[in-house]
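Per the working numbering, the sequence shown runs over residues 285 to 534. First the structure, in the form of structure tokens, and then the observations on it.
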Amino acid sequence: MPQQLLQPPLTSPDLLNATLADQGFAVLGSASVCALAGVSLDALQALELSWHDLPPDQYLKDGGRYRRRRHASFEVTGDMAQATPHRAHWQPLSYNALHGGMQRWFEPMATEVVQQAAWLQLLCWLGRVASKAQGDQTWFTEAHQFRIDTTDGIGRPTPEGAHRDGVNWVAVFLVGRHGIKGGETRVFDMDSPRGQRFTLSEPWSVLLLDDTRVIHETTPIQPEQPGGWRDTLVVTLRSEGFLDQPTPKA
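What follows is the structure in structure tokens.
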């Protein structure tokens, strides 16, 4: 019997800024994403084939084989999204106790993806959302394509558990899910017991997070049929440069 999914609390596009200010997160359906970003759903769906060509994540400390990913970095200012030279992804241990403290050189996102007009429009829209909340500025933006599969019988979208990413804003797009159960998203207020749980299931719906106010996680997935997977796009925006490994003091 198919799993009954707890539906996300969708926000009306005209209430996005107010909702983010009030509770630190908001969920938009795909129609709202397309309307606000000025892209067509067909253009976003055209990006989906690239998720079938993600190399394995070589840095999983739990020994798992369930995660594939690619990574790219950009500087987003106003209506400009400029790709930056490929860089390592780094997080401090204080934000990622499992995989922090090391430089992780993931394979870059494909050129034919990051040069698509729809891709650049999506990044610029996220920059506008961040600037609406914090003022116009350059946003140092990292994008991660993820596929979590059930190769090991179970796949862990957030093996580090409930966490912050150490940035200002996080966008988690559900790109697709196939043949799985689980994968429930949980968002918790940092300063109170308030929280919500739901399952993103609509392709190109998005969870937007104020990373300074909430923590988030996604529960493991299990197969409902062989070869199950969950694809996401995670985009982070930071106001004061990329997160970099500190330079050792002399």
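A virtual CB, placed ideally from N, CA and C, is assigned to each residue, including glycine. The structure presented is a predicted model; accordingly, all values stated were derived computationally and were not measured.
Do residue i and residue j have their C-beta atoms within less than 8 angstroms of each other?
{"i": "Asp494", "j": "Gly308", "result": "yes"}
{"i": "Gln429", "j": "Met393", "result": "yes"}
{"i": "Arg470", "j": "His447", "result": "no"}
{"i": "Ala367", "j": "Val398", "result": "yes"}
{"i": "Pro504", "j": "Gly463", "result": "no"}
{"i": "Ala321", "j": "Trp453", "result": "no"}
{"i": "Pro441", "j": "Thr502", "result": "yes"}
{"i": "Thr496", "j": "Thr422", "result": "no"}
{"i": "Phe472", "j": "Gly479", "result": "yes"}
{"i": "Gln288", "j": "Phe482", "result": "no"}
{"i": "Leu304", "j": "Leu492", "result": "yes"}
{"i": "Asp436", "j": "Arg352", "result": "no"}
{"i": "Val490", "j": "Val456", "result": "yes"}
Over what stretch of residues does the beta strand (DSSP E) that includes residue i continue unbroken?
{"i": "Lys465", "result": "464 to 466"}
{"i": "Val519", "result": "513 to 522"}
{"i": "Val535", "result": "Because the chain in this structure spans residues 285 to 534, residue 535 falls outside the shown range and cannot be described."}
{"i": "Asp469", "result": "The residue you asked about is not Asp; residue 469 is Thr in the sequence shown. Segment 469 to 473, the beta strand (DSSP E) holding Thr469."}
{"i": "Phe526", "result": "No beta strand (DSSP E) holds Phe526; DSSP gives it neither H nor E."}
{"i": "Glu426", "result": "423 to 433"}
{"i": "Arg497", "result": "Run containing Arg497: none; DSSP gives neither H nor E here."}
{"i": "Gln509", "result": "Note, Gln509: premise wrong, no beta strand (DSSP E); not H, not E."}
Specify the secondary structure class of residue i as computed by DSSP and reduced to three states.
{"i": "Met285", "result": "Confidence at Met285 is low in this model, with a pLDDT of 49, below 50, so the placement of that residue should be treated as unreliable; the coordinate-derived value is given next. Of the three classes helix, strand and coil, the one that applies to Met285 here is coil, per DSSP."}
{"i": "Glu332", "result": "helix"}
{"i": "Thr303", "result": "helix"}
{"i": "Asp341", "result": "coil"}
{"i": "Asp298", "result": "helix"}
{"i": "Met386", "result": "coil"}
{"i": "Ile438", "result": "coil"}
{"i": "Arg371", "result": "coil"}
{"i": "Val451", "result": "coil"}
{"i": "Pro477", "result": "coil"}
{"i": "Glu535", "result": "In this structure the chain extends from 285 to 534, so residue 535 is not present and cannot be described."}
{"i": "Ala365", "result": "strand"}
{"i": "Pro293", "result": "coil"}
{"i": "Leu458", "result": "strand"}
{"i": "Pro443", "result": "coil"}
{"i": "Arg349", "result": "coil"}
Please look up how many angstroms separate the CB atoms of residue i and residue j, rounded, as I've assumed it's under 8 angstroms.
{"i": "Phe390", "j": "His336", "result": "Actually they do not touch by this definition, with Cβ atoms about 17 angstroms apart."}
{"i": "Pro297", "j": "Ser316", "result": "4 angstroms"}
{"i": "Gly460", "j": "Pro443", "result": "At roughly 21 angstroms, the Cβ-Cβ gap does not stay under 8 angstroms, so Gly460 and Pro443 are not in contact."}
{"i": "Trp424", "j": "Phe526", "result": "Note on identity: in this sequence residue 424 is Phe, with Trp being the wrong assignment. With a Cβ gap of about 5 angstroms, Phe424 and Phe526 count as contacting."}
Considering residue i, what are the terminal residues of the alpha helix (DSSP H) in which it resides?
{"i": "Arg412", "result": "401 to 418"}
{"i": "Ser316", "result": "314 to 321"}
{"i": "Glu396", "result": "395 to 398"}
{"i": "Asp326", "result": "325 to 329"}
Closer than 7 angstroms to a non-hydrogen atom of the ligand SAH - does that hold for the CB of residue i?
{"i": "Thr469", "result": "The model depicted lacks the ligand SAH and carries no ligand whatsoever."}
(message) Counting beta carbon pairs with one atom in the segment 406 to 417 and one in the segment 339 to 350, are three or more of them shorter than 8 angstroms?
(response) no
(message) So, does the segment 402 to 413 touch the segment 322 to 333, judging by three or more C-beta pairs under 8 angstroms?
(response) yes
(request) Flag this pair as touching only if the segment 432 to 441 and the segment 512 to 523 have three or more C-beta atom pairs under 8 angstroms; answer yes or no. (result) yes
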